[in-house]
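Asker:
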Amino acid sequence: MLLSAHNISKAFGSFLAVRDADLTVAEGEIIGLIGPNGAGKSTFFNCLAGDTAPTTGRVLFDGIDVTRYSAEAHARAGIGRTFQVPATFEDMTVLENVMVGAFLRHHHRGAARETALRIIEMTGLARQTAQRARSLGTPVRKRLEIARVLATEPRLMLLDEALAGLTPTELQQAIALVRRIHELGVTLVIVEHIMEVIMTLAQRVLVFNQGHVIAHGKPHEIVANEMVIEAYLGRGHRRRRETP
Amino acid sequence: MKWGLPALAALLLFYPFIFTGPFYWDIGVAFLLAAISASAWNIVGGYAGQVSVGHSMFFGVGAYTPLLFYQLWGLPPVAGVPAGMLVSLCLALAIGMPTFRLRGHYFSMATIAVAELIRIFVGTWELVGAAIGLQGPAVGRGWWDLTFRSELPYYYIFLGVLAIVLYTTFEVERSRFGYYLRAIKAGERAARSLGVPVRATKLKALMLSALFTSVAGSLYSIKTGFVDPESGFGILVSVQMVIVAALGGAGTLFGPLIGALILVPLQTATNTWFGGGGSGLTYILYGGIIVLLARFEPGGMHEWWQRVAPRLMRRWHAA
Chain V
637 MLLSAHNISK
647 AFGSFLAVRD
657 ADLTVAEGEI
667 IGLIGPNGAG
677 KSTFFNCLAG
687 DTAPTTGRVL
697 FDGIDVTRYS
707 AEAHARAGIG
717 RTFQVPATFE
727 DMTVLENVMV
737 GAFLRHHHRG
747 AARETALRII
757 EMTGLARQTA
767 QRARSLGTPV
777 RKRLEIARVL
787 ATEPRLMLLD
797 EALAGLTPTE
807 LQQAIALVRR
817 IHELGVTLVI
827 VEHIMEVIMT
837 LAQRVLVFNQ
847 GHVIAHGKPH
857 EIVANEMVIE
867 AYLGRGHRRR
877 RETP
Chain G
9 MKWGLPALAA
19 LLLFYPFIFT
29 GPFYWDIGVA
39 FLLAAISASA
49 WNIVGGYAGQ
59 VSVGHSMFFG
69 VGAYTPLLFY
79 QLWGLPPVAG
89 VPAGMLVSLC
99 LALAIGMPTF
109 RLRGHYFSMA
119 TIAVAELIRI
129 FVGTWELVGA
139 AIGLQGPAVG
149 RGWWDLTFRS
159 ELPYYYIFLG
169 VLAIVLYTTF
179 EVERSRFGYY
189 LRAIKAGERA
199 ARSLGVPVRA
209 TKLKALMLSA
219 LFTSVAGSLY
229 SIKTGFVDPE
239 SGFGILVSVQ
249 MVIVAALGGA
259 GTLFGPLIGA
269 LILVPLQTAT
279 NTWFGGGGSG
289 LTYILYGGII
299 VLLARFEPGG
309 MHEWWQRVAP
319 RLMRRWHAA
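Protein chains in written order, with our numbering: chain V, 637 to 880; chain G, 9 to 327.
(1) For chain G, check one thing: does any of its Cβ atoms lie closer than 8 angstroms to the Cβ of R754 (chain V)?
(2) With respect to the alpha helix (DSSP H) encompassing R207 (chain G), which residues constitute its N-terminal and C-terminal limits?
(3) Please go through the stretch 661-725 of chain V and give each complete alpha helix (DSSP H) segment of 4 or more residues, from N-terminal end onward.
(4) On the DSSP bridge assignment, give the partners of S645 (chain V) in chain order.
(5) Which class does M728 (chain V) belong to by DSSP, given the choice of helix, strand or coil?
(6) Taking only beta-carbon positions, decide if P264 (chain G) is within less than 8 angstroms of chain V.
(7) With a cut-off of 8 angstroms, does the C-beta of T774 (chain V) fall near any C-beta of chain G?
(8) Determine contact between the stretch 650-670 of chain V and the stretch 807-827 of chain V, defined as no fewer than three beta-carbon pairs at a distance below 8 angstroms.
(9) Please report how far the alpha carbon of E708 (chain V) lies from the alpha carbon of F725 (chain V), in whole angstroms.
(10) For chain V, check one thing: does any of its Cβ atoms lie closer than 8 angstroms to the Cβ of P205 (chain G)?
(11) Indicate whether the contact test is met: 3 or more Cβ pairs, each with one atom in the stretch 745-762 of chain V and one in the stretch 693-702 of chain V, closer than 8 angstroms.
(12) Between which two residues does the alpha helix (DSSP H) containing V785 (chain V) stretch?
(13) Alpha carbon to alpha carbon, how far is E311 (chain G) from P672 (chain V)?
(14) Measuring straight from C-alpha to C-alpha, what distance separates A653 (chain V) and R717 (chain V)?
(15) Since I850 (chain V) is in the beta strand (DSSP E), which residue starts that stretch and which ends it?
(16) Using a Cβ-Cβ cut-off of 8 angstroms, state whether M793 (chain V) counts as contacting chain G.
(17) Check distances from the C-beta atoms of the stretch 192-219 of chain G to those of chain V and list, in chain order, the residues that come in under 9 angstroms.
(18) Check whether the Cβ of V206 (chain G) sits closer than 7 angstroms to any heavy atom of the ligand PLP, and report yes or no.
(19) Can you tell me the Cβ-Cβ gap for R784 (chain V) and T729 (chain V), rounded? I've got them flagged as a contact below 8 angstroms.
(20) In the structure shown, what three-state DSSP assignment does L75 (chain G) receive?
(21) By Cβ distance, which residues of its chain are closer than 8 angstroms to T209 (chain G), with the 5 residues on each side in sequence left out?
(22) Since I believe A838 (chain V) is in contact with I667 (chain V) (beta carbons under 8 angstroms), could you give me their beta-carbon distance rounded to a whole number of angstroms?
(23) Under a CB-based cut-off of 8 angstroms, is Y188 (chain G) close to chain V?
(24) Within the 8 angstroms Cβ cut-off, does E789 (chain V) reach chain G?
(25) Considering Cα atoms alone, identify which of G:A317, G:V130 and G:L16 is closest to A138 (chain G).
(26) Establish whether the CB of D796 (chain V) and some CB of chain G are separated by less than 8 angstroms.
(27) Going by C-alpha distance, which of V:V814, V:R763, V:F680 and V:I865 is nearest L786 (chain V)?
(28) Using a Cβ cut-off of 8 angstroms, pull out every chain V residue sitting near R319 (chain G), in sequence order please.
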């Protein structure tokens, strides 16, 4: 397994945001994490990315215990992540943003620039290369975040709602981009609300509700799962369905 | 503008021959000292966005050490410059290690507190002259004492140091270290997620900044031949660095130069017009500049110029 997280719990004071969550990801897989708002997906995600340490549990990456690793050590190990709200470097250009990522593996400016330009081309940002991030719209900034992480040459990419808020055309382009990244050999874990993305891309899906993993399986199994439907639509939905 | 840099270099090089006389040379030296100090502050405060309001601690250490070497052992003050740099480096390390756990305003407040503590301590320490301070050689025993009657030699020494500081900053700006500093300024969390070693990078920036600030302090005390707790470690020393850099454009190569170019003549003018009676005016001037910058141009004059220059060029071409 490339990544395995066991019994992950995260408490904020007396509030338990994630309870005993497990996840295993094989090399080359695409895993989807779904769940209603406040279900604990992002907190779990942050535990995997080293942004916050879990209260209990262990995270193993390629057999190495990275539970207490810092976020930068996670990046060095090969785990890259995007943020729910794009966290681009506003006063830097698209090229400079991607170069910050590229500097992780290429210490010389020339090599980092070359890598960054190649990734910018691949992610369809070539026209915006010299533009400052602050001048870009949200869809382009999300793409820039993906490009920046890609420049760190990760083995595992964690995408936190990276495709949310896109128009149908942009969504199709973004799905195609994720596929291209996957073809490069990058393993992906995707937190997403858009079921179209999950159904199209994910090979396995984990469903979170109130800090628990309530279901996991193949996408078509998940959409038919009664617990998942109830978590998303409430108990009333089941009653309505049962009433003739 | 391709001709901008050579024109600026030529102007600085020939300034003493264009504006002749001790009055203008004195303004020139004050401008260079302000530009060196603010450029040094700019490395950590401007590029990395870690707003230190206690940089006077490094300036003071740099100012005291040369005169202490002279007072204690009769050595030329310049011999104390490397020692000042070394002490400043150690101080930066000691301050940076715990304070870089703090973020934003907390870091700024911590630097003010440490600088003030050092100022109070130095003001009561007999070895360094307590509240009276230290004096350098009244008359130079040789050229190595760097005690000149004319301002002209100081002007060119200061200009040489400014060139070194600017060249170093230019190299930092283009390097991985420089990219990391700007990324940290823009967002520490995102920078971390890309593998940027945030604390180590900030610490390196503070050390480099402290090194040059210490040199600025040494230049000041060697030139004036005197330093006391207020002129070395006073809060106004720190505030001036921040304002000069912010006025010109913090986080830009030439921002501190532009800031010094505006502020130093303005200070000289207020001092000339109001004499000793207007000694408190400096505080009012600084306060006014902070308010105006925060309200109208937080990016400083450099950003303003970048916005205005293309429009002017378009109009010029249209005409």
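Every residue, glycine too, gets a C-beta built ideally from N, C-alpha and C.
Answerer: Taking the definition as stated:
(1) By this cut-off, R754 (chain V) is not an interface position.
(2) The continuous alpha helix (DSSP H) containing R207 (chain G) extends over residues V206 to T232.
(3) At a cut-off of 4 residues, the continuous stretches assigned as alpha helix (DSSP H) that sit fully inside the stretch 661-725 of chain V are 677-685 and 707-713.
(4) Secondary-structure assignment with DSSP links S645 (chain V) through a beta bridge to V:T692.
(5) Of the three classes helix, strand and coil, the one that applies to M728 (chain V) here is coil, per DSSP.
(6) Taking Cβ atoms only, chain V never reaches closer than 8 angstroms to P264 (chain G), which makes this a no.
(7) Not an interface residue.
(8) Yes, since at least three Cβ pairs between the stretch 650-670 of chain V and the stretch 807-827 of chain V fall closer than 8 angstroms, the two stretches touch.
(9) Cα to Cα, the separation comes out at about 17 angstroms.
(10) With 8 angstroms as the cut-off, P205 (chain G) counts as an interface residue toward chain V.
(11) Because the criterion of three Cβ pairs below 8 angstroms is not met, the stretch 745-762 of chain V and the stretch 693-702 of chain V do not touch.
(12) Start and end: T774 to L786.
(13) Between E311 (chain G) and P672 (chain V), the C-alpha separation is close to 44 angstroms.
(14) The straight-line gap separating the alpha-carbon atoms of A653 (chain V) and R717 (chain V) is approximately 20 angstroms.
(15) Run containing I850 (chain V): H848 to G853, per the beta strand (DSSP E) assignment.
(16) At a cut-off of 8 angstroms between beta carbons, M793 (chain V) makes no contact with chain G.
(17) Per Cβ criterion, the list reads K193, A194, G195, R197, A198, A199, R200, S201, L202, G203, V204, P205 and V206.
(18) Within the structure as shown, the ligand PLP is missing, as the structure has no ligands at all.
(19) Wrong, their Cβ atoms sit about 12 angstroms apart, outside the cutoff.
(20) L75 (chain G) sits in a helix when the DSSP states are folded into three classes.
(21) If we look at T209 (chain G) and ignore the five residues flanking it on each side, its Cβ neighbours are A56, F185, Y188, L189 and I192.
(22) With a beta-carbon spacing of about 6 angstroms, I667 (chain V) and A838 (chain V) fall inside the 8 angstroms limit used to define contacts.
(23) Chain V, which has a Cβ nearer than 8 angstroms to the Cβ of Y188 (chain G), makes this yes.
(24) For E789 (chain V), the answer is no, since every Cβ of chain G falls outside 8 angstroms of its Cβ.
(25) In terms of Cα proximity to A138 (chain G), the closest of G:A317, G:V130 and G:L16 is G:V130.
(26) In terms of beta-carbon proximity, D796 (chain V) stays away from the interface with chain G, with every pair separated by 8 angstroms or more.
(27) Of the listed residues, the one whose Cα sits closest to L786 (chain V) is V:V814.
(28) Within chain V, no residue comes near R319 (chain G); the closest Cβ sits about 17 angstroms away, beyond 8 angstroms.
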